[in-house]
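A short worksheet on the structure shown next.
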Amino acid sequence: MFWNQIGMILFAGAFVSVRTFRREFIDVVQTNSKGVLALNLGEQIFEIFGVVASNFAILLAPAAVIILVEYTAQPIFVFLFGVLLTIMAPSLVREDISTTSVIRKLVAIAIMSIGLYLVVR
Numbered sequence: 036m037f038w039n040q041i042g043m044i045l046f047a048g049a050f051v052s053v054r055t056f057r058r059e060f061i062d063v064v065q066t067n068s069k070g071v072l073a074l075n076l077g078e079q080i081f082e083i084f085g086v087v088a089s090n091f092a093i094l095l096a097p098a099a100v101i102i103l104v105e106y107t108a109q110p111i112f113v114f115l116f117g118v119l120l121t122i123m124a125p126s127l128v129r130e131d132i133s134t135t136s137v138i139r140k141l142v143a144i145a146i147m148s149i150g151l152y153l154v155v156r
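So, in structure tokens, the structure goes:
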């Protein structure tokens, strides 16, 4: 977690040093301050819990197994959330859920999972 935070601080420093990024960030915060800050705060809380849970899991089990589960589950959840949001809130998300597209995406997830398994085993 320490090095994760150091990396975030270095990235933030580099980000703030670029004038156009800094100005755009300030404009977004001033224009949508309550909504943007609330969304950012919520996302950061989930991020912290996720990093802590991942680090704790690595303490309990071999890192290779945790990485396998973590990086195999993530594309599955992203795909499922994309499909669910497309069905439930099409104004927010438009995912191509045609049969051929879904099959292609599932095959890609399977290939990534099998490849990751072969790397970490």
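Under the working numbering, the first residue of the sequence shown carries the number 36, and numbering increases by one thereafter. Don't be surprised by glycine CBs; every beta carbon is placed ideally from N, CA and C.
Taking a cut-off of 8 angstroms on C-beta distances, the stretch 92-112 touches the stretch 143-152, as three or more cross pairs fall below it. Straight-line measurement puts the Cα of V64 at about 7 angstroms from the Cα of L72. Contact between the stretch 108-116 and the stretch 73-92 is absent: fewer than 3 CB-CB pairs across the two stretches fall below 8 angstroms. In this structure, N39 sits away from V87, with a CB-CB distance that is not shorter than 8 angstroms. Judged by beta-carbon spacing, I138 lies beyond the 8 angstroms limit of P110, meaning their Cβ atoms are not closer than that value.
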